[in-house]
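If you count by the working numbering, then the sequence shown holds residues 14 to 184, one letter each, in order. All C-beta atoms in this analysis are idealised placements derived from N, C-alpha and C, irrespective of residue type, glycine included. Only one structure is covered here, and it is reproduced in the block below.
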Amino acid sequence: MITAFQQTYRGRWAESNLCEEIALRILCLNFKLDPEDVIVTGKGAMTTELLDDPLESPPDFYVPKLNMWFEVTSSDLTKEESLHRCSKHGLTLPHIFVREGKVEAAKISRALSRTVFVSVNWADGSVLFLPALEVKKYRLVDWYEPGGRERYYAVPWYEWWKPKLAKRRLG
């Protein structure tokens, strides 16, 4: 039997795996790491196995050399599309959304202060970074999609760090 979570994300699972691969490569390039320096820790990360629900999973990657966790998120919206979608929530700027459950999972794993979100965007090819503690500072919005309601932190696009800035601040 397929769960609501599986139904919602079944068509995007392969895309999610590609985003994780892209994030892994950018992490290695940006922080001068070898692939073996990055430990895959997230339930379902880098695998084609469709999960029941990953909310009790640690972040996707752990990098012992940096003592940091990295959780991958993705979007296929351009800034203009994001702005249009955001206007429905009274937001006047384009935002990148982080599912509340991903932040809570980092908290449950006792990794919140050492977790960084990596946003991989299919629409514009960008890879951006932001620490979880920064994400938590932003407004939570309700999003209704097939399969139910989700809550997301709405982080203005301009707050996310490009790889070079992430390296300077985190490395």
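Item	Value
Residue 168 and residue 108 closer than 7 Å at C-beta	yes
Beta carbon of residue 102 nearer than 7 Å to that of residue 148	no
Cβ-Cβ distance between residue 41 and residue 87 below 7 Å	no
Segment contact flag, the segment 120-129 with the segment 139-146, C-beta cutoff 8 Å, min 3 pairs	yes
Cβ pair residue 110, residue 165 closer than 7 Å	yes
Supposed close pair residue 170, residue 106 - CB separation, criterion 8 Å	7 Å
Proximal residues to residue 135 (C-beta, below 6 Å), its chain only, five neighbours per side dropped	89
Extent of the continuous beta strand (DSSP E) to which residue 84 belongs	81-88
Nearest to residue 30 (by Cα), restricted to the options 49, 44 and 74	74
Endpoints, alpha helix (DSSP H) assigned at residue 144	Premise fails: residue 144 lies in the beta strand (DSSP E), 140-144, not in any alpha helix (DSSP H).
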